[in-house]
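Participant: With the UniProt record's numbering applied, the sequence shown corresponds to residues 1 to 443, in that order.
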Amino acid sequence: METIKELNDLQIFRIKKKLIVKLSFFSILLVFSFGIFNLSIGNLIPALVFFFFLPLFVWSYFLLKHDKNSFAVVNGLIVMNLSILILNFFTNGGYTGPTNYGFFIMTFVLTLVFSGYLKYTWLAVLLITHFIIMYLDIYNLKEVTNGYEDSTSLFIDHIGAFWGCAIFVFLVNDLFAKNYVKQSILLENAFKELDKKVETLEEVNHGKNRLLGILAHDLRGPIKSTGQILELIKKQELKPEEFREVVDGLEQQYKEIDQTLTNTLEFVLAELGSGKAQKQLRQFNPSEFTEGLIAAFSSRIQAKGILVSFEVNGLDLTLQMKLELNELEVILRNLLDNAIKYSPMSSRLTVRLMKTGEMLRWEIQDEGPGMDENKASQLFKFKVQSTVGTSNEKGVGLGMYLCKSLAEKIGAELSFTSQLNKGTTFILEKSLIQQEVVEKGTF
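1. For a test of the three-state rule: what should DSSP assign to Ser274, helix, strand or coil?
2. If you drop the 5 nearest sequence neighbours on each side, which residues of the same chain put their C-beta closer than 7 Å to that of Thr3?
3. Helix, strand or coil for Thr145, going by three-state DSSP, please let me know.
4. Is it buried or exposed, Ala47, if we count other Cβ atoms within 10 angstroms and call 16 or more buried?
5. How long is the line joining the alpha carbons of Ile105 and Asn69, rounded to whole angstroms?
6. Beta carbon of Ile306, beta carbon of Leu335: below 8 Å?
7. I'd like the list of long-range same chain contacts for Asp9, defined as Cβ closer than 7 Å, with 5 residues on each side in sequence excluded.
8. Using 10 angstroms around the beta-carbon of Leu186, count the other beta-carbons present and answer buried if the total reaches 16, otherwise exposed.
9. How is the beta strand (DSSP E) around Gln283 delimited, first residue to last?
10. To the nearest angstrom, report how far apart Leu281 and Ile410 are at their CA atoms.
11. If Leu406 and Val330 are in contact, beta carbons under 8 Å, what's the gap, nearest whole angstrom?
12. Are Glu358 and Ile427 close, meaning C-beta to C-beta below 8 Å?
13. Would you say residue 449 and Phe57 are within 8 Å of each other, going by their C-beta atoms?
14. For Phe90, which residues in the same chain have their Cβ closer than 6 Å to its Cβ, ignoring the five residues on either side in sequence?
15. Excluding sequence positions up to five away, which residues of its chain have a Cβ less than 8 Å from the Cβ of Leu110?
16. Let's test the definition: count the other Cβ atoms within 10 Å of the Cβ of Phe37 and tell me whether it reaches 16, buried, or not, exposed.
17. What three-state label does DSSP hand Phe297 in the structure shown?
18. By alpha-carbon positions, which one of Lys355, Met345, Cys165 and Gly368 ends up nearest to Leu420?
19. So who's on the other strand from Thr356, going by DSSP bridges?
20. Start and end of the alpha helix (DSSP H) containing Glu367?
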């Protein structure tokens, strides 16, 4: 049974899988090349050693490529390489032959393949093995075969072995360096992405804290003043004309508080994911629906003397559709509220409803102060702040962020155009593809 440490090493092997598989492939090329090379210079026994182990290297390569017993296969490859080095040492000139290059190659490979205690264990085995065979050869305790016919064969064998090992080290090191650079870039990008997400979370958290503070401030005032007014009414200290004025003020405060709380609730539901669960298609008439939304703001429109025009183009007034009515209502209600809020006294407000091809489109155009590029770029971002309209209407700045979020949720497109000191036009487009469209009266 594998120990926890072996499992950790296996995990490291899997991370290095591509590198190990390529090392295994290079080992096949190296063993085959040395076999052919020794055969060409007349070193028959070393050549047979290389060719004997070659099928085992090929088999190990396919096992590693298909992620079969990676831990055992890699250790098996080390054992085979060490066996080849020992046999080659005693059949190919001993310490005068090129086998020492092979021990250097194995030391290099160990640093790439293994980690933890296995790396040091195999290093110790390698050094001890090299020490023993060198001792046996130099002190003539073990017979060593010299397969070289002359000095030229010895020279060629050394040059060939050194060049082969040098090229192997060069290619493997180049491969490792490229993989290291690639992984470093990926890791750096991952950290940058993480930093961005942390920064975004901090901004959202700061925004939510500000939202709570603004809500506490903006709600405390109206509630406190409402209490004072109720106390005056209770004591009957208001004159008829004062009473009417107070009621109008209370109505305005009520509508502002209602809009603020509604937006806040919709925002919280969207953040918690509850809005997604409530997404439903409902049948409605777009023209009647839009007229009803405009009528809901009639008192504020009249109070500011705004002239509202509602235009319908390319749309049958009796047409019924099935769309995400709840989300559309929240979006358009906020867009109308925003347009009225920033419209000057006695200005014009144009609402257009049109159908072009498979798209349903709303346009809400006001003659308000408009926006510069900096403000426009921040409009749909989560940025809580107290806002004040042209008649001191209050808000917390959640409306546009909420509209954008809901539009994306239902697959609609919300955009706008704005000119400083000339006004703003908000555009909401919703695709009718795969949506149910029926004639009025057919259910």
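Virtual Cβ for every residue (Gly too), placed ideally from N, Cα, C. What you are looking at is a predicted structure, and each value in this text was computed from that prediction instead of being measured.
Facilitator: Looking at the atomic coordinates:
1. Because the pLDDT at Ser274 is just 46, under 50, the model does not fix this residue reliably, and the point stays unresolved.
2. Any reading at Thr3 needs caution, since the residue's pLDDT is 45, under 50, leaving its predicted position unreliable; the model's value is listed next. If we look at Thr3 and ignore the five residues flanking it on each side, it has no Cβ neighbours.
3. If DSSP states are grouped into helix, strand and coil, Thr145 belongs with coil.
4. With 16 or more Cβ atoms within 10 Å of its Cβ, Ala47 is classed as buried.
5. Taking the straight line joining both Cα atoms gives about 24 Å.
6. Result no, Cβ atoms of Ile306 and Leu335 do not sit closer than 8 Å.
7. Residue confidence for Asp9 is low, a pLDDT of 49 falling below 50, so the modelled location carries little weight and cannot support an answer.
8. Here Leu186 is exposed. Its C-beta has fewer than 16 other C-beta atoms within 10 Å.
9. Start and end: Arg282 to Phe284.
10. Distance between the alpha carbons of Leu281 and Ile410: 10 Å.
11. Contact between Leu406 and Val330 holds, with the beta-carbon distance rounding to 6 Å and staying under 8 Å.
12. Between Glu358 and Ile427, the CB-CB gap reaches or exceeds 8 Å.
13. In the structure as shown, the chain begins at 1 and stops at 443. Residue 449 is therefore absent and cannot be evaluated.
14. These residues qualify, in order along the chain: Val144.
15. Closer than 8 Å at Cβ, skipping near neighbours: Ile78, Lys119, Trp122, Leu123 and Leu126.
16. Sixteen is the threshold: when 16 or more other Cβ atoms of the shown chains lie within 10 Å of the Cβ of Phe37, as they do, the residue is buried.
17. It is coil, neither helix nor strand.
18. Closest option to Leu420, judged by alpha-carbon separation, among Lys355, Met345, Cys165 and Gly368: Gly368.
19. When DSSP reads this structure, Thr356 sits in a beta bridge with Met359.
20. No alpha helix (DSSP H) holds Glu367; DSSP gives it neither H nor E.
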